[in-house]
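Q: Below you will find the structure I want to go over with you.
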Amino acid sequence: VGTETNSEKVPLLLRKIAHNIGTNVLAATARAQFFGRLEFPSTSPGQPTGTISTKTNSIGPFMPMVTRIGTVSKKSSSASKNDEKSYSDQPIRMNAAVIIFCLVYRDIDKLTSCGKAFSYTLPVMLSLMDDVRSINQALGALMLLSFVEASSRIENNEIPSFIENSSSIITKSLENAIQLSSRQDATFLTTICLAQSEWLRLLFNWIPLASKSSLRPTTVHAWMSKAASDNLVAVRKQVQMGGKDKNDELIVGALVAGIDPLLADLASLPNAATIEIARVGLSAILPLIGWRGMSMESRSIQIAALAGLLSLLSGAYPIMTHHGTKIMTEVLILLDRSDKDAIFMRDNDQADKSSDKLRNDELSTESVVSVALHAAAATLVICDKGADTVLSHVQKHGTLQYKRVSQIRNVGEKLQNYY
């Protein structure tokens, strides 16, 4: 114990408490404390002095004092006592609840335990995600991520009723949170986007087991398409601002955590599920493929955009032949620029050629080239004539290294069996 840091001691202590008093008791107490309904010491008749009690016997996923955005509290002035203040006035309540709920899910391995813990988590989580402050929304999303991780570990033959019953309200709450936080801190936005994609992927994976459920596959697929489309539109607006004010961090966070996972899942469906959002996707992703810069953030945007492009090519293949020319053009321009960046880094004198930054720039450039070659080959296979015309023109006029054209065609031949 003596070698443990303070950050390690707190989780261990809370896990010991949960083991001794039970996960449900700890979760119920955290919920009551969050909403200011915790009393101690208790003075109720028949109860030992010093025990903890709550002011309500309400059991279930919702509590009467949960308020949504736009509602007005009609609480009397007598509620100004310290114990009746909201979590916004006493942030320690919020911080403690988030830590406890996230730790509660670490040791859960049974569906019934997960459902009971979720009934206490849901009102706290929704209150935070419905808040106007991005940090509170991100904390609510973090709680959801802990629940999703625990649920993913549990094997079950049917979609749990507590997931089915809350699916719509959580999906809508995440959508609103992303809209409110789209221009805030990149860490907060990334956390919320990750929570949204992981939540929808959880529903996506449960769908094959939902034969007796009212939650249909088409509903979940529509939620995923809408989430991907809304986030793509938001990213397209951010592109117009360029890379100033750490905007590139916002973009790469939304792509990697939110958009790319959803597009990848939609692309795995057999019915070309991304056709409806293909135009929106291309209008956002193609400018990102052409994102200028050699920083890690810029390279991350380019690679994430190429990954999204590959999912769009697969998920909307019936209409991609109409866009082959512009797609291949953007990818080849990126390849040409990356090759020139590599030559620049190799030939120009640097203050310190062994510096970590230079090495990172070289590795990120090589990664962009590798992914871009694969994307160009996939474009050649799926888009056919339009893409081939551009590649032949480039080969004829020598505007790209000859080896790159040859590599694209060779990779394209290998991909014929996959598309």
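Numbered according to the working numbering, the sequence shown spans residues 2 to 420. We put the CB at the ideal spot given by N, CA and C, even for glycine.
(1) Could you tell me which whole alpha helix (DSSP H) segments of length 4 or greater appear in the segment 137 to 218?
(2) Among T122, D385, A377, whose alpha-carbon lies nearest the alpha-carbon of V412?
(3) Leaving out five residues on either side along the sequence, give the residues of the same chain with a beta carbon under 7 Å from the beta carbon of Y88.
(4) State buried or exposed for K117, treating a residue as buried only when at least 16 other CB atoms are found within 10 Å of its CB.
(5) How would you call K415, buried or exposed, if buried means at least 16 neighbouring beta carbons within 10 angstroms?
(6) With a threshold of 6 Å on Cβ separation, who are the neighbours of T326 within its own chain once the five nearest residues in sequence on each side are excluded?
(7) Could you spell out the range, first to last residue, of the alpha helix (DSSP H) harbouring F35?
(8) Between N25, Q180, C194, L204, which has its C-alpha nearest C115's C-alpha?
(9) For D385, which of helix, strand or coil comes out of DSSP?
(10) Between which residues of its own chain and E105 is the CB-CB distance below 7 Å, once the five residues before and five after are set aside?
(11) Of the choices T380, Q138, D249, whose alpha-carbon is the least far from that of I171?
(12) Taking Cβ to Cβ, would you say D186 is nearer than 8 Å to S135?
(13) How far does the alpha helix (DSSP H) with L335 in it reach, from first residue to last?
(14) Could you check what DSSP says for K10 in three-state terms: helix, strand or coil?
(15) Count the CB pairs spanning the segment 151 to 158 and the segment 215 to 226 that are closer than 8 Å, and state whether there are at least three.
(16) Does DSSP classify W292 as helix, strand or coil?
(17) I276: which of T122, L145, L263, I320 sits nearest, CA to CA?
(18) Report yes or no: do the segment 254 to 268 and the segment 186 to 205 share at least 3 C-beta pairs separated by less than 8 Å?
(19) What do you get for Y419, buried or exposed, if any count of 16 or more other CB atoms within 10 angstroms of its CB means buried?
(20) Can you look up M95 in the DSSP assignment and give me helix, strand or coil?
(21) Our contact map puts S299 next to R293 with C-beta atoms below 8 Å; I'd like the distance itself, whole angstroms only.
(22) Does the contact criterion of 3 or more C-beta pairs under 8 Å hold for the segment 354 to 374 versus the segment 393 to 400?
(23) Output yes or no for whether 8 Å exceeds the beta carbon distance between L289 and I302.
(24) Does DSSP put Q241 in a helix, in a strand, or in coil?
(25) Using only alpha-carbon positions, find the residue among G141, L374, V236, L264 that is nearest to V125.
(26) Which first and last residues belong to the alpha helix (DSSP H) in which Y318 is found?
(27) Looking at T380 and I328, is the spacing between their C-beta atoms short of 8 Å?
(28) Can you round the beta-carbon distance between V236 and A255 to whole angstroms, since I take them to be within the 8 Å contact cut?
(29) Skipping 5 residues on each side, what residues in its chain have a beta carbon closer than 7 Å to that of V406?
(30) Which same chain residues, not among the five before or five after A98, have their C-beta less than 6 Å away from its C-beta?
(31) DSSP on N418, reduced to helix/strand/coil?
(32) Buried or exposed, going by whether 16 or more other CB atoms sit within 10 Å of the CB of Q241?
(33) Using only alpha-carbon positions, find the residue among S339, G309, R16 that is nearest to I100.
(34) Could you compute how far the alpha carbon of V221 sits from the alpha carbon of L204?
A: Looking at the atomic coordinates:
(1) 162 to 182, 187 to 207
(2) A377
(3) F35, R94, M95
(4) K117 should be labelled buried.
(5) exposed
(6) G387, V391
(7) Boundaries of the alpha helix (DSSP H) around F35: 24 to 35.
(8) N25
(9) coil
(10) Correcting the residue identity first, residue 105 is Val in this sequence and not Glu. Result list for V105: A19, T24, L27, A28, A118, in chain order.
(11) Closest by alpha carbon: Q138.
(12) yes
(13) 325 to 348
(14) Looking at K10 - three-state DSSP - the assignment turns out to be helix.
(15) When Cβ pairs closer than 8 Å are counted between the two stretches, the segment 151 to 158 is seen not to touch the segment 215 to 226, the count staying below three.
(16) Correct three-state label for W292: coil.
(17) I320
(18) Yes, they touch.
(19) exposed
(20) In this structure, M95 counts as helix in the three-state DSSP scheme.
(21) 7 Å
(22) no
(23) yes
(24) coil
(25) Nearest C-alpha to V125: G141.
(26) Where Y318 is concerned, the enclosing alpha helix (DSSP H) stretches over 318 to 321.
(27) yes
(28) 5 Å
(29) L392, V395, Q396
(30) A31, F35, V125
(31) coil
(32) exposed
(33) R16
(34) 7 Å
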